[in-house]
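Worksheet for the structure shown next.
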Amino acid sequence: MQYLAFSSFLGLIACLFWNIIATTTAWIKGEGVMIWLLAIIYFISGVPGAYVLWYRPLYNAMRTESALKFGWFFLFYMIHIIFCVWAAVAPPFPFKGKSLAGILPAIDVIGKNAIVGIFYFVGFGLFCLESLMSIGVIQQVYMYFRGSGKAAEIKREAARSALSSAF
7 MQYLAFSSFL GLIACLFWNI IATTTAWIKG EGVMIWLLAI IYFISGVPGA YVLWYRPLYN
67 AMRTESALKF GWFFLFYMIH IIFCVWAAVA PPFPFKGKSL AGILPAIDVI GKNAIVGIFY
127 FVGFGLFCLE SLMSIGVIQQ VYMYFRGSGK AAEIKREAAR SALSSAF
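Here you go:
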């Protein structure tokens with residue numbers, strides 16, 4: 007299970023790196039520097055953020071069997087899945103432009119420049135694979151979490167921490 011989660015982490019790195027490559031080709035072909043800068047920001051913040059927010063908490067949760075650490079993993083991994091699906095579609099908001107290599111920018115760019123469009127379609131495929139793999143990871147972790155009795159334990163821990171913070 008942790009190997010699949012590590013593969014998901016490496017997949018995210020590959021997706022974000024390919025996103026930099028795709029936006030670099032778009033920038034060279036005249037799309038503007040802002041999409042490239044945003045792609046760099048996604049990579050610089052996304053890789054360490056994923057490690058700190060969901061990969062390391064999963065590792066610690068599996069090592070210590072802490073239900074609360076599983077809860078943090080589920081929260082941030084759902085955000086990761088939402089980002090991957092968002093990146094696969096890549097709607098032109100909140101940032102205008104083509105800073106994520108998804109299906110909508112790929113369709114828009116393919117008419118202007120075929121090479122850039124192909125790069126964006128490859129990025130779309132990578133983000134789709136990452137989304138599917140991430141759904142598989144969260145499914146496996148959830149089945150382990152439910153099967154080991156951690157769901158009842160997290161309720162007790164949450165109630166205990168709420169009670170202790172009330173006093």
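Quick note: the sequence shown uses our numbering, first residue 7, plus one each step. We treat Cβ as the ideally placed atom computed from N, Cα and C, and that holds for glycine.
Three-way DSSP call (helix, strand, coil) for residue i in this model
i, result
"Asn119", "coil"
"Phe99", "coil"
"Lys104", "coil"
"Phe173", "coil"
"Glu71", "coil"
"Lys161", "helix"
Whole-number beta carbon distance between residue j and residue i, since they are thought to touch under 8 Å
i, j, result
"Ala104", "Pro111", "For clarity, residue 104 is Lys in the given sequence; the question names Ala instead. That pair is a contact at about 4 Å."
"Ile26", "Ala56", "Incorrect: roughly 16 Å between the Cβ atoms, too far for contact."
"Gly108", "Ala94", "5 Å"
"Ala32", "Val143", "That belief does not hold up - the Cβ atoms of Ala32 and Val143 are roughly 30 Å apart, past 8 Å."
"Glu163", "Leu74", "5 Å"
"Ser140", "Ile87", "5 Å"
Contact set for residue i: own chain, Cβ-Cβ below 8 Å, skip 5 residues either direction
i, result
"Gln8", "Leu64, Tyr65 and Met68"
"Thr29", "Glu37, Ile41, Trp42, Leu44, Ala45, Lys104, Ser105 and Ala107"
"Val195", "The question about residue 195 has no answer here: the residues shown for the chain are numbered 7 through 173."
Spatial distance of residue i from residue j (CA atoms)
i, j, result
"Trp60", "Tyr148", "14 Å"
"Leu132", "Leu43", "20 Å"
"Gly36", "Ser51", "25 Å"
"Ser72", "Asp114", "47 Å"
CB contact check: residue i to chain B, cutoff 8 Å
i, result
"Ile46", "Of the protein chains in the structure, only one exists, and it is not chain B."
Beta-carbon contacts of residue i that lie in its chain and below 6 Å, excluding the five residues immediately before and after
i, result
"Trp78", "Pro63"
Residue i beta carbon near the ligand PLP (any heavy atom closer than 7 Å)
i, result
"Gly123", "Here there are no bound small molecules, and the ligand PLP is not part of this structure."
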